[in-house]
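Chemist: Residue numbers (the numbering used here): 21 to 202.
#1: From residue 120 to residue 48, what does the alpha carbon distance come to, in whole angstroms?
#2: Between residue 89 and residue 137, what straight-line distance do the alpha-carbon atoms span, to the nearest angstrom?
#3: Secondary structure at residue 33, three-state DSSP: helix, strand or coil?
#4: DSSP on residue 181, reduced to helix/strand/coil?
#5: State buried or exposed for residue 41, treating a residue as buried only when at least 16 other CB atoms are found within 10 Å of its CB.
#6: Check for me: the beta strand (DSSP E) holding residue 95 runs from which residue to which?
#7: Run the CB neighbour count on residue 130, radius 10 Å, all protein chains shown included, and call it buried at 16 or more, exposed below.
#8: Given 8 Å as the limit, is there contact between the region 22-33 and the region 170-181, that is, 3 or more CB pairs closer than that?
#9: Based on the DSSP secondary-structure assignment, which residues constitute the bridge partners of residue 46?
#10: From residue 92 to residue 149, what distance separates their C-alpha atoms?
#11: From residue 175 to residue 97, what does the alpha carbon distance come to, in whole angstroms?
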């Protein structure tokens, strides 16, 4: 079996994790039960700017349906997660809540949307004591987007593909399919 070139080995050693940012909104009761499935992708229009919440808004998880908890999770992966992490946390919470409110109205939720009782946002990329997990680069990775691009480069006839190599849908089946088609 031939060895991988030094540049590929360097890329493999620079970054081992993907981009994953989760925001969970806890409510006093699950007012949305009739309006949302347990898990779906929120497709948005516009929002192409990196400082826009629309640009980062991705998968929505209905924890009331999935786990019996009065909470909604918003998950960003890959490139969206890396750039979302650069948005100030209070602004991120406020704008993501506003986006959820528009989503609830658009899906036919008949209840008024209350303010959450608590909001939790992951910030693993800022924690120097965090050494990474399957879905998050550790704080010492200077350029995760470049690491993913370097990892995805073929070596002769050997191609590297899968969810870990997708900048847009990292960590998901969508990312694996999209990346394999490239």
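Heads up, the beta-carbon is just placed ideally off N, CA and C, and yes, glycines get one too.
Modeler: According to the structure shown:
#1: 16 Å
#2: 13 Å
#3: helix
#4: coil
#5: buried
#6: 91-97
#7: exposed
#8: yes
#9: 91 and 138
#10: 28 Å
#11: 26 Å
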